[in-house]
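Chains as they are written, first to last, in our numbering: chain A, 22 to 334; chain R, 22 to 334. First up is the structure itself, then whatever we jot down about it.
2 protein chains.
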Amino acid sequence: MTTLLDVARKAGVSKSTVSNVVRGVEFVSSETRVRVELAIAATGYRPNEIARALRGRSTTAIGIVLPDLRNPFHAEMTVAAERAANRLGYALLAANTECDPELEEETGRALIARRVDGVIIGGISLGSHLPKLLLDHGIPVTLASLGDHKDPRLSIVDTDDRGGMDVIVRHLFDLGHRKMAFVSQSLQEHAGERRRLAFSQSLLQLGLRPARSRQGATAIVAHNDMHAIAVMDELERQGIRVPADLSIVGFDDIPLAAHRRIGLTTIRSDATAIGGRAVELIVKAAQSGNLQSTREVFATSLVVRSSTGRVMV
Amino acid sequence: MTTLLDVARKAGVSKSTVSNVVRGVEFVSSETRVRVELAIAATGYRPNEIARALRGRSTTAIGIVLPDLRNPFHAEMTVAAERAANRLGYALLAANTECDPELEEETGRALIARRVDGVIIGGISLGSHLPKLLLDHGIPVTLASLGDHKDPRLSIVDTDDRGGMDVIVRHLFDLGHRKMAFVSQSLQEHAGERRRLAFSQSLLQLGLRPARSRQGATAIVAHNDMHAIAVMDELERQGIRVPADLSIVGFDDIPLAAHRRIGLTTIRSDATAIGGRAVELIVKAAQSGNLQSTREVFATSLVVRSSTGRVMV
DNA sequence: GTGAAAGCGCTAACAT
DNA sequence: ATGTTAGCGCTTTCAC
């Protein structure tokens, strides 16, 4: 593999001159610049990012940790993050942690050992130590669609879960629903529990309490679309019709929710915007070196489709 | 951040001794070993992987390039790859290329600059130069679910597209279909075009030719489930009933295909197995240093659901 | 069994 | 405007 030295020799200059040309430093005579550029083109030289990383203070790599890449919302966020990262010259290290605290810890340590410049967290276990672990090692952390952490070094790009939940509950209420239940995939997940809380609060505003279980409920609110769609399937296999017998609402508005056969009423939140913005924030933090608490909330909106209906008395 | 030297000083030994302990080298007296281990525990030292990478010949990082992480088949493969990579101590660099030749090239160069130990390719453009680019730089490449490249340095973990297509076509034939059309998302994609070819060959065996377009066809075979499901939606929005008016078949058997409201007849192929195996192969190649042509084909099977039906005459 | 020293490829003072 | 040099943190001969 060609190195800086190879190019330098070929161009008959010193390493630093080549380095200066590569990095676009001002003080190089246009004559030598051309000569170096020719040598670079001839050899196909690209700086060794590993050496740069060791020497400099940056790996231009960021990590993204997610509970499950198979969730289209996360996949979409990751794609957006990857695109944004690329554009800024950063690579993305992907890690699935399945909300397993041990895996989260090990992932965190691996990310630290690899000296990533920052980490985007798109989902973690309830009470996870991952943000603190990373921050304590001086690594900037951005929480994406996962607000509510109180560390003052954290930057947060969030969805308006509270607002979204209010709108969902209001929508169901207006359809006559009074018994609504919340379901989530796992009690371990931070985001799911936050939405459960928001759900309870929204109900409370209308003087209602969450239904204990699906049995008594006329409507089910799932913590995300993936789960809502799975629940829909499960119910229908038991002969319960949606929305005739039971209404279902999701959260995220993944593309599939708009499929005519699914028609899931849900809350639209912009995974692409969140992923992209998370990268911008993490890169800014990495480059400036100061970690300050930041919180941006992306608006949500209700998309009414065919999975919710008027309650039958 | 603690370095080897910090630990060495703390333990009152030299850098090399600490290094020997860390790497589990034999010849260290158990006495000093303990002392060093204590110092490591006390400082929370973890080797700097960047320095290791620069010094050694390995970054213990592999790249995975995909056209679209939003495709559940790719997401699943990536999750499996990440898990396998993790287990072997490797990190995964994810890159979406959208089958754009320019992006592929740039991604390849970035991966080379980062000195990844190997690259798994889960999808590329037709006639892409990416495999050659990487291989020419000495980077092992494994094609996952994307066979048919003829470079002798390539290892391939493939799905049996030909076999799967035969079974699909036979299934449709048995249902009375004689006019079948193939649709794919993009003409640019390698895997899609390969399946198109397989489709034609399968038809030919039965003395049939592909239908020119959807119009004349009684059945549609899509190059993957994602596309099949999208087409299903599109058709039904036009008032065409599936399968009453038109049968649809996918390929991959993503989880959604089994959803009762979708019920997509498709070919099951094991994304998890493919992703995991691809990592094993790439790591083996990276560690042994020799690139030999290898081809493993994973069996497929037909899953008949409700998107295909007897043709109405 | 342990330590000293060279060097991976690069950047960034500092000298010229 | 260009060159020299000293490391970044680690592994790896090679002496002791």
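Glycine is no exception: its CB is placed at the ideal position from the N, C-alpha and C atoms. Predicted, not measured: the structure shown is a model, and the values here were computed from it.
For residue i, which option in the options has the closest C-alpha, if you only look at C-alpha atoms?
{"i": "R:Thr329", "options": "R:Ala74, R:Ile283, R:Phe48", "result": "R:Ile283"}
{"i": "A:Leu26", "options": "A:Gly45, A:Arg54, A:Ile61", "result": "A:Ile61"}
{"i": "A:Ala115", "options": "A:Val188, A:Pro93, A:Gly143, A:Pro122", "result": "A:Gly143"}
{"i": "A:Met22", "options": "A:Pro264, A:His158, A:Gly65, A:Met247", "result": "A:Gly65"}
{"i": "A:Val162", "options": "A:Lys171, A:Leu154, A:Leu175, A:His170", "result": "A:Leu175"}
{"i": "R:Val137", "options": "R:Pro68, R:Thr99, R:Ile303", "result": "R:Ile303"}
{"i": "R:Glu125", "options": "R:Thr239, R:Leu154, R:Arg104, R:Tyr111", "result": "R:Leu154"}
{"i": "A:Ile83", "options": "A:Ile160, A:Ile288, A:His95", "result": "A:Ile160"}
{"i": "A:Glu119", "options": "A:Asp172, A:Arg281, A:Leu87", "result": "A:Leu87"}
{"i": "A:Arg217", "options": "A:Lys200, A:Gly129, A:Gln226, A:Arg183", "result": "A:Arg183"}
{"i": "A:Gly110", "options": "A:Thr315, A:Glu301, A:Asn41", "result": "A:Glu301"}
{"i": "A:Leu312", "options": "A:Val46, A:Ser221, A:Ile177, A:Gln259", "result": "A:Ile177"}
{"i": "R:Ser207", "options": "R:Arg108, R:Ala105, R:Ala243", "result": "R:Ala243"}
{"i": "R:Asp181", "options": "R:Phe48, R:Ser221, R:Phe319, R:Val39", "result": "R:Phe319"}
{"i": "R:Glu123", "options": "R:Ala106, R:Arg104, R:Ile145", "result": "R:Ile145"}
{"i": "R:Ala29", "options": "R:Glu47, R:Phe48, R:Pro68", "result": "R:Pro68"}
{"i": "A:Glu127", "options": "A:Pro152, A:Gly185, A:Leu113, A:Asn107", "result": "A:Pro152"}
{"i": "R:Gly185", "options": "R:Thr286, R:Ser314, R:Thr81, R:Arg104", "result": "R:Thr286"}
{"i": "R:Asp246", "options": "R:Arg233, R:Ser205, R:Glu47, R:Gly228", "result": "R:Ser205"}
{"i": "A:His198", "options": "A:Ala96, A:Asp179, A:Val332, A:Gln259", "result": "A:Val332"}
{"i": "R:Asp157", "options": "R:Asp172, R:Val42, R:Leu147", "result": "R:Asp172"}
{"i": "R:Ala105", "options": "R:His280, R:Asn117, R:Arg298, R:Ala74", "result": "R:Arg298"}
Does the beta carbon of residue i sit closer than 8 angstroms to a beta carbon anywhere in chain R?
{"i": "A:Ile83", "result": "no"}
{"i": "A:Ile250", "result": "yes"}
{"i": "A:Glu210", "result": "no"}
{"i": "A:Arg258", "result": "yes"}
{"i": "A:Thr99", "result": "yes"}
{"i": "A:Thr80", "result": "yes"}
Considering only heavy atoms of the ligand HEM, does any lie closer than 7 angstroms to the CB of residue i?
{"i": "R:Ile241", "result": "In terms of ligand content, the structure shown is empty, and the ligand HEM therefore cannot be addressed."}
I want to see whether chain A comes within less than 8 angstroms of residue i, judged by CB atoms only; does it?
{"i": "R:Arg91", "result": "yes"}
{"i": "R:Ala74", "result": "yes"}
{"i": "R:Asp254", "result": "yes"}
{"i": "R:Ala96", "result": "yes"}
{"i": "R:Thr38", "result": "no"}
{"i": "R:Val204", "result": "no"}
{"i": "R:Val325", "result": "no"}
{"i": "R:Leu277", "result": "yes"}
{"i": "R:Glu103", "result": "yes"}
Quick one, which residues of the segment 135-166 of chain R are near chain A if we go by CB-CB under 9 angstroms, in chain order?
From the segment 135-166 of chain R, only Arg135, Arg136, His158, Gly159 have a Cβ closer than 9 angstroms to chain A.
I'd like the ranges of any alpha helix (DSSP H) spanning at least 4 consecutive residues and lying wholly in the segment 265-296 of chain R.
Residue ranges of uninterrupted alpha helix (DSSP H) with 4 or more members are absent from the segment 265-296 of chain R; none lies entirely inside it.
At least 3 beta-carbon pairs within less than 8 angstroms: the segment 207-222 of chain R vs the segment 155-168 of chain R:
In short, these stretches touch, since the Cβ pair count reaches three.
Select from the segment 40-72 of chain A all residues with a C-beta closer than 7 angstroms to any C-beta belonging to chain R, and list them in chain order.
Here the close residues are Arg67, Pro68, Asn69, Glu70, Ile71, Ala72.
Quick one: which unbroken beta strand (DSSP E) runs of 3-plus residues sit fully inside the segment 156-214 of chain A? Chain order, please.
Every unbroken stretch of the beta strand (DSSP E) spanning 3 or more residues and falling wholly within the segment 156-214 of chain A is given here in chain order: 162-165, 176-180, 201-204.
Stretch pair the segment 272-281 of chain A + the segment 289-296 of chain A: three plus CB contacts closer than 8 angstroms
Touching, yes.
Output, in sequence order along the chain, the residues in the segment 279-295 of chain A whose CB is closer than 7 angstroms to any CB in chain R.
Residues His280, Arg281, Arg282, Ile283.
Three Cβ pairs or more, each shorter than 8 angstroms: is that satisfied between the segment 254-271 of chain R and the segment 43-59 of chain R?
The answer is no - the segment 43-59 of chain R does not touch the segment 254-271 of chain R, with fewer than three Cβ pairs under 8 angstroms.
Could you run through the segment 106-137 of chain R and flag, in chain order, every residue whose CB is less than 7 angstroms away from some CB of chain A?
Those would be Ala112, Leu113, Leu114, Ala115, Ala116, Asn117, Arg130, Ala131, Ile133, Ala134, Arg135, Arg136, in chain order.
Three CB pairs or more closer than 8 angstroms across the segment 187-196 of chain A and the segment 225-241 of chain A:
Using a Cβ-Cβ distance cut-off of 8 angstroms, the segment 187-196 of chain A and the segment 225-241 of chain A are in contact, since at least three pairs of beta carbons, one from each stretch, lie closer than that value.
Give the list of continuous beta strand (DSSP E) stretches no shorter than 3 residues that lie fully inside the segment 64-98 of chain A.
If one requires a minimum length of 3 residues, the beta strand (DSSP E) runs lying completely within the segment 64-98 of chain A are 82-87, in chain order.
In the segment 167-193 of chain A, which residues sit with their C-beta less than 7 angstroms from some C-beta in chain R, listed in chain order?
Within the segment 167-193 of chain A, no residue has a Cβ that lies closer than 7 angstroms to any Cβ of chain R.
Contained beta strand (DSSP E) runs [length at least 3] in the segment 98-134 of chain A, N- to C-terminal order
Listed in chain order, the beta strand (DSSP E) elements of length 3 or more contained wholly in the segment 98-134 of chain A are 112-117.
Would the segment 87-100 of chain A and the segment 80-98 of chain R be scored as touching if the rule is three or more Cβ pairs under 8 angstroms?
These segments touch.
For the segment 227-238 of chain R, which residues have a beta carbon sitting closer than 9 angstroms to at least one beta carbon of chain A?
Within the segment 227-238 of chain R, contact with chain A at the beta-carbon level (separation under 9 angstroms) is assigned to no residue.
Just by C-beta distance, which residues in the segment 263-275 of chain R are closer than 7 angstroms to chain A?
Within the segment 263-275 of chain R, not one residue has a Cβ closer than 7 angstroms to any Cβ of chain A.
List in chain order: all unbroken alpha helix (DSSP H) runs of 4+ residues lying wholly within the segment 24-50 of chain R.
Counting whole runs of 4 or more residues, the segment 24-50 of chain R contains the alpha helix (DSSP H) stretches 25-32, 36-43.
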